[in-house]
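A quick write-up on the structure given underneath.
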Amino acid sequence: MSHLLSFLFSILFSLWLFDAYAQVPQVHDSAAALREVVVRAPLPRREVVAPQRLEGVRLHALKGASVADALRYFSGLQIKDYGGIGGLKTIDVRSMGSSHLGVFYDGLPLGNAQNGQTDLGQFSLDNVEVVSLYNGQRTGVLQSAAEFGHAAAVYLQTRRPQFAEGRRSNQRWGVQYGASRALQLSGLYALRLAPSLSATINVGLLNADGKYRFCYRRLTPRGVVAYDTTATRHNGDVLALRGELNMYGRLLGGDWRAKAYIYHSKRGIPGAIVSNVWRRGERQGDDIHFVQAAWQRTFAKRYSTRLQAKYADYATRYHNRDTLAAPADHHYRQRETYLSWANAYEVLPGWTLSGSYDFRYNTLRDDHPLFAFPRRTTHLAALSSSLHLGRWQVQGSLMQTILHDRTRTAAQSATVRNASPALFFNYLLKPDGTLSLHGFVKRHFRAPTFNERYYTDLGNALLRPEKAFQIALGAQWQHAFCHRLWQRLQLSTEVYYNKVHDKIIAYPKGQQFRWTMLNLGRVAVRGLDVNAALEARPKRALQVALQVRYSYQWAHDLTDPADAYYNQQIPYAPHHSGAAVVSASFKRWACYYSFIYVGRRYAQPENVRRNRLQPWYTHDLYLLRHFRLSRRLEGKLTLAINNIFNQQYEVIANYPMPGRTLNAALDINF
Numbered sequence: 006m007s008h009l010l011s012f013l014f015s016i017l018f019s020l021w022l023f024d025a026y027a028q029v030p031q032v033h034d035s036a037a038a039l040r041e042v043v044v045r046a047p048l049p050r051r052e053v054v055a056p057q058r059l060e061g062v063r064l065h066a067l068k069g070a071s072v073a074d075a076l077r078y079f080s081g082l083q084i085k086d087y088g089g090i091g092g093l094k095t096i097d098v099r100s101m102g103s104s105h106l107g108v109f110y111d112g113l114p115l116g117n118a119q120n121g122q123t124d125l126g127q128f129s130l131d132n133v134e135v136v137s138l139y140n141g142q143r144t145g146v147l148q149s150a151a152e153f154g155h156a157a158a159v160y161l162q163t164r165r166p167q168f169a170e171g172r173r174s175n176q177r178w179g180v181q182y183g184a185s186r187a188l189q190l191s192g193l194y195a196l197r198l199a200p201s202l203s204a205t206i207n208v209g210l211l212n213a214d215g216k217y218r219f220c221y222r223r224l225t226p227r228g229v230v231a232y233d234t235t236a237t238r239h240n241g242d243v244l245a246l247r248g249e250l251n252m253y254g255r256l257l258g259g260d261w262r263a264k265a266y267i268y269h270s271k272r273g274i275p276g277a278i279v280s281n282v283w284r285r286g287e288r289q290g291d292d293i294h295f296v297q298a299a300w301q302r303t304f305a306k307r308y309s310t311r312l313q314a315k316y317a318d319y320a321t322r323y324h325n326r327d328t329l330a331a332p333a334d335h336h337y338r339q340r341e342t343y344l345s346w347a348n349a350y351e352v353l354p355g356w357t358l359s360g361s362y363d364f365r366y367n368t369l370r371d372d373h374p375l376f377a378f379p380r381r382t383t384h385l386a387a388l389s390s391s392l393h394l395g396r397w398q399v400q401g402s403l404m405q406t407i408l409h410d411r412t413r414t415a416a417q418s419a420t421v422r423n424a425s426p427a428l429f430f431n432y433l434l435k436p437d438g439t440l441s442l443h444g445f446v447k448r449h450f451r452a453p454t455f456n457e458r459y460y461t462d463l464g465n466a467l468l469r470p471e472k473a474f475q476i477a478l479g480a481q482w483q484h485a486f487c488h489r490l491w492q493r494l495q496l497s498t499e500v501y502y503n504k505v506h507d508k509i510i511a512y513p514k515g516q517q518f519r520w521t522m523l524n525l526g527r528v529a530v531r532g533l534d535v536n537a538a539l540e541a542r543p544k545r546a547l548q549v550a551l552q553v554r555y556s557y558q559w560a561h562d563l564t565d566p567a568d569a570y571y572n573q574q575i576p577y578a579p580h581h582s583g584a585a586v587v588s589a590s591f592k593r594w595a596c597y598y599s600f601i602y603v604g605r606r607y608a609q610p611e612n613v614r615r616n617r618l619q620p621w622y623t624h625d626l627y628l629l630r631h632f633r634l635s636r637r638l639e640g641k642l643t644l645a646i647n648n649i650f651n652q653q654y655e656v657i658a659n660y661p662m663p664g665r666t667l668n669a670a671l672d673i674n675f
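One point on numbering: in this note's numbering, the residue at position 170 of the sequence shown is 175, and numbering is uninterrupted.
Below, the structure is given as structure tokens:
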């Protein structure tokens, strides 16, 4: 940790020197020099710790991609991708575990009490305007209690309709076709119903057979080739339908928005390739429905309040048709009710006190006769104080959680009480805000999921919550150049230390190696994130940008010194990873090139050769052409080549990823 801190302050000192050099007057060969004009204005209030964002044209270039595909370009996280179009895609931020991540869709949480993970491959970017990643938590002054309860959070913000003068509606229709015979159709219709009332309807369809070629090669412990073949991935087909209605308006002096979301899918589960067998008979069907609404109003410019409500219904069917495995046909049904009330009061200029309360009720049903049928009631209460004084921004918060599980047998019921304090700060080392220092410290926990506690023949009703501790310190520098070529340069770095106690793991116990869930894990993570962005304009119509991200992680298992893998890197946590994106736009043309790298990892806790996964990297290219057919009719043509050099790789062991793929898309707006 001391080496990482030294590295951080070295970068910070270098940025300070570079900033001082950038302000040295330069001699120009122009015939006349303009007098300097200094514009002074108060700095806008900003978040204490800025998130990583993907928005605008860079986000729109990922036509047809899922939210998980967009998050690959962020630093400090790993995508757990099980391959193909329909494969499960989850996010692990700074090796804390996927269950420590919160996902919020237009401000309300996407929950999954059954397994604690949100499949981000199910959510399209078609109507998403901004994707944001926060480490620790979002530091707004008005937010729900649930937003204080995660190690990291992803926020998805949908596009609010904008209407040209004299117009009451907008439409966008799109089609995409590509590898694995993937056909995607999408449509968006926006309508202004009244001066203060508008609505959007967004629909989408995805149909693909999921087949792709892959190479399978395995070595024995002695290094001798055991399997080396080329085959076609099967049982990866998917049919998914999505519909979303958004409404925006004014009510009782405040702003309100409402959403209704429907998702239906049927897909094959390709499964792991073991002993050169790559056919599986597993199938899964999902039906997701939820409605949510929010209302917010500010009184007398000092007091703000926000009410939110949501009801969700998740139905999942899993059945296994593989003749070599035990037959299975399970129907799961989750229901969730969520209510939230948040308040913020500005006591003095720059000092705001906030309080929020959330109520959540979850149920899970299964058709297994011995299932526990759990019901979970969760109360969340949070208090926070935000101070903006001169160059300082500080926010302290405390969230109290009371969670009570009930089942059809009283012996399996459980109650959890826990407090989660956090402190965030940001200090402007330069009054113009170009150089700043930020950091946070936080304690939080995650409750066991329904599967971990109550899954038949596997769950353990006596599980304790996982307890986590986070601390981070970082710096950010940005500079706007008064130069016709270079426009903006931004550098940021952050070192962090995470610790997880009572980590929940699956453990073999008893005869015939029956598995159970136990609190046995202890993990420590030390890491470094570095981000850089550069913008230039070589010519008036040519805009060029470069973004580079790098992450280092030391994530070791410190559970038991007697284990063979004690103090070794935990599975799927690379020491080194990074991404680079180069973009260029010229008139109606745009081009994006991306490179993603993930270093060596291990598929099992023991860091030995047979468990080693080789580094992987992909090169992707996106080419866009905008065109106008008439005054009201315009369009965009997108060509995407993914994994240009056809690298054969696995994100998860025994789940091969696709090679080179080609996709073409057409969008029409009117």
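Backbone N, C-alpha and C define an ideal beta-carbon position, used for all residues, glycine too.
Between 97, 89, 136, 104, which lies nearest to residue 111 when the distance is taken from Cα to Cα?
Taking the sequence shown and counting its residues from 1, one reaches residue 111 at position 106. Among 97, 89, 136, 104, the Cα nearest to that of residue 111 is on 136.
Starting from residue 65, trace the alpha helix (DSSP H) in both directions and tell me its first and last residue.
What you label residue 65 is simply residue 60 of the sequence shown in a count that begins at 1. In the DSSP annotation of this structure, the continuous segment of the alpha helix (DSSP H) that includes residue 65 starts and ends at 61-65.
Note down, one range per segment and in chain order, each alpha helix (DSSP H) of at least 4 residues found wholly within the stretch 641-666.
Counting only runs that start and end inside the stretch 641-666, there is no alpha helix (DSSP H) element of at least 4 residues.
Out of 289, 291, 262, point me to the one whose CA is closest to residue 311's CA.
As a first step, residue 311 must be located in the sequence shown, where it is residue number 306. Among 289, 291, 262, the Cα nearest to that of residue 311 belongs to 262.
Do the stretch 606-613 and the stretch 635-645 meet, that is, are 3 or more Cβ pairs less than 8 Å apart?
Taking a cut-off of 8 Å on C-beta distances, the stretch 606-613 does not touch the stretch 635-645, as fewer than three cross pairs fall below it.
Three-state secondary structure assigned by DSSP to residue 72:
Position 67 of the sequence shown, counting from 1, holds the residue named residue 72. In the three-state reduction of the DSSP assignment, residue 72 falls in the helix class.
Cutoff 6 Å; reference residue 495; Cβ partners in own chain excluding five residues on either side:
The count along the sequence shown starts at 1 and reaches residue 495 at position 490. Apart from sequence neighbours up to five positions away, the residues of its chain that approach residue 495 with a beta-carbon distance below 6 Å are 483, 538, ordered along the chain.
Where does the unbroken alpha helix (DSSP H) through residue 459 begin, and where does it stop?
Taking the first residue of the sequence shown as position 1, residue 459 is located at position 454. For residue 459, the enclosing alpha helix (DSSP H) begins and ends at 455-459.
So what does residue 114 bridge to, in DSSP terms?
For the purposes of this step, residue 114 is taken as the residue at position 109 of the sequence shown. Beta-bridge pairing links residue 114 to 109.
Same chain, Cβ closer than 8 Å to residue 219, neighbours up to 5 away in sequence not counted
For the purposes of this step, residue 219 is identified with residue 214 of the sequence shown, where counting begins at 1. The answer, listed in chain order, is 235, 236, 237, 238, 653, 661, 662, 663, 664.
Helix, strand or coil for residue 153? Go by DSSP, reduced to three states.
If you number the sequence shown from 1, residue 153 lands on position 148. Residue 153 falls in the helix class under three-state DSSP.
If I follow the unbroken beta strand (DSSP E) through residue 90, where does it start and stop?
Residue mapping note: residue 90 aligns to position 85 of the sequence shown, counting from 1. If you look at residue 90, you'll find it isn't in any beta strand (DSSP E); DSSP assigns it neither H nor E.
Three-way DSSP call (helix, strand, coil) for residue 387 in this model
Start at 1 with the first residue of the sequence shown, and residue 387 comes out as number 382. Residue 387 falls in the strand class under three-state DSSP.
Return the chain-ordered ranges of every beta strand (DSSP E) run that is complete within the stretch 303-387 and spans a minimum of 3 residues.
Complete beta strand (DSSP E) runs here, min 3: 308-325, 333-353, 356-371.
Closest by CA to residue 536, which one among 419, 544, 556?
Walking along the sequence shown from the start, residue 536 turns up at place 531. Ranking 419, 544, 556 by Cα distance to residue 536 puts 556 first.
Which parts of the stretch 253-288 are runs of the beta strand (DSSP E), unbroken and 3 residues or longer, counting only runs that do not cross its ends?
List check, beta strand (DSSP E) in window: 259-274.
For residue 184, which of helix, strand or coil comes out of DSSP?
Counting from one through the sequence shown, the residue named residue 184 turns up at place 179. The three-state secondary structure of residue 184, taken from DSSP, is helix.
Compare the Cα-Cα distances from residue 167 to each of 203, 150, 154 and report the closest residue.
To locate residue 167, count along the sequence shown from 1; it is residue 162. Looking at the Cα atoms, 203 is the closest of the given residues.
On a CA-only basis, which of 185, 159, 195 is nearest residue 675? Give me that one, please.
Here residue 675 refers to the residue found at position 670 of the sequence shown. Comparing alpha-carbon positions, the option among 185, 159, 195 lying closest to residue 675 turns out to be 195.
When you compare each of 170, 569, 139, 150 to residue 160 by their alpha carbons, which one comes out closest?
Position 155 of the sequence shown holds residue 160. Minimum Cα-Cα distance from residue 160 among the listed residues 170, 569, 139, 150 corresponds to 139.
Check whether the Cβ atoms of residue 73 and residue 106 sit closer than 7 Å, and answer yes or no.
Start at 1 with the first residue of the sequence shown, and residue 73 comes out as number 68. Start at 1 with the first residue of the sequence shown, and residue 106 comes out as number 101. Not a contact, by the Cβ cut-off of 7 Å.
Cut-off 6 Å between Cβ atoms - residues of its own chain near residue 605, not counting five sequence neighbours on either side
Residue 605 sits at position 600 when you count from the first residue of the sequence shown. Here the set comprises 620.
Local conformation of residue 572 per DSSP, three classes:
The residue labelled residue 572 in the question sits at position 567 within the sequence shown. Note: residue 572 maps to coil in three-state DSSP.
Other residues of its chain near residue 267: CB distance less than 6 Å, five sequence neighbours each side excluded:
Locating residue 267 in the sequence shown gives position 262, counting from the first residue. Around residue 267, the same chain offers 248, 294 as residues with beta carbons nearer than 6 Å, after the five sequence neighbours per side are excluded.
Is it true that the stretch 309-323 meets the stretch 333-340, where meeting means three or more beta-carbon pairs spaced less than 8 Å apart?
Yes, they touch.
Measure the C-alpha to C-alpha separation of residue 404 and residue 585 and round it to an integer number of angstroms.
Reading the sequence shown from its first residue, position 399 is the one you call residue 404. Reading the sequence shown from its first residue, position 580 is the one you call residue 585. Near 37 Å, if we compare the C-alpha coordinates of residue 585 and residue 404.
Among 225, 198, 291, 313, whose alpha-carbon lies nearest the alpha-carbon of residue 2?
The structure shown does not extend to residue 2, since the chain spans only 6 to 675, so no value can be given for it.
Can the beta-carbon of residue 193 be found less than 7 Å from the beta-carbon of residue 180?
Residue 193 sits at position 188 when you count from the first residue of the sequence shown. Residue 180 sits at position 175 when you count from the first residue of the sequence shown. With contacts defined as CB atoms closer than 7 Å, residue 193 and residue 180 fail to qualify as a contacting pair.
Note down the Cα distance separating residue 244 from residue 545, rounded to an integer number of angstroms.
Stepping through the sequence shown from its first residue, residue 244 is reached at position 239. Stepping through the sequence shown from its first residue, residue 545 is reached at position 540. CA-CA distance, residue 244 to residue 545, rounds to 45 Å.
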